[in-house]
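Peer 1: With my numbering, the residue at position 18 of the sequence shown is 32, and numbering never jumps. Backbone N, C-alpha and C define an ideal beta-carbon position, used for all residues, glycine too. Have a look at the structure that comes next, please.
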Amino acid sequence: MDTKRVRRAYSFVCLDCGHGWESAYDIDVTVDDRGQIIAAYHLGGKLVPSPLQSPRCPDCEGRKIRIMRPGRVASARLHER
15 MDTKRVRRAY
25 SFVCLDCGHG
35 WESAYDIDVT
45 VDDRGQIIAA
55 YHLGGKLVPS
65 PLQSPRCPDC
75 EGRKIRIMRP
85 GRVASARLHE
95 R
């Protein structure tokens, strides 16, 4: 099995409370002997669930989350000022 590490960043916004945040994940991508792709997500050196499967808001624990390309939250905050 061959494993490759990639880094992906995502922006998130909670549709319940409006909180926005961004995170960059290190992802170990492995193709097993049957050709299935296995992805292990790491945030801050710790193994975490995929942020794409069932994300939760760190402020209100809401589950209505919009996932966007990186930089969207930061650019929105610049326009708030």
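(1) Roughly how many whole angstroms lie between the Cα atoms of Y55 and Y24?
(2) Quick one: what's got a C-beta closer than 8 Å to P68's C-beta in the same chain, skipping five residues either side?
(3) On the criterion of 16 or more Cβ atoms from any shown chain inside 10 Å, does V62 qualify as buried, or is it exposed?
(4) Identify whether R48 lies in helix, strand or coil by the three-state DSSP scheme.
(5) By Cβ distance, which residues of its chain are closer than 8 Å to S37, with the 5 residues on each side in sequence left out?
Peer 2: Concretely, from the data shown:
(1) Taking the straight line joining both Cα atoms gives about 13 Å.
(2) In the sequence as presented, Pro is not what sits at residue 68; that position holds Ser. Cβ within range, chain order: R77.
(3) Exposed, by the Cβ-count rule.
(4) Reduced to three states, the DSSP call for R48 is coil.
(5) Cβ within range, chain order: A23, Y24, F26, L57 and P65.
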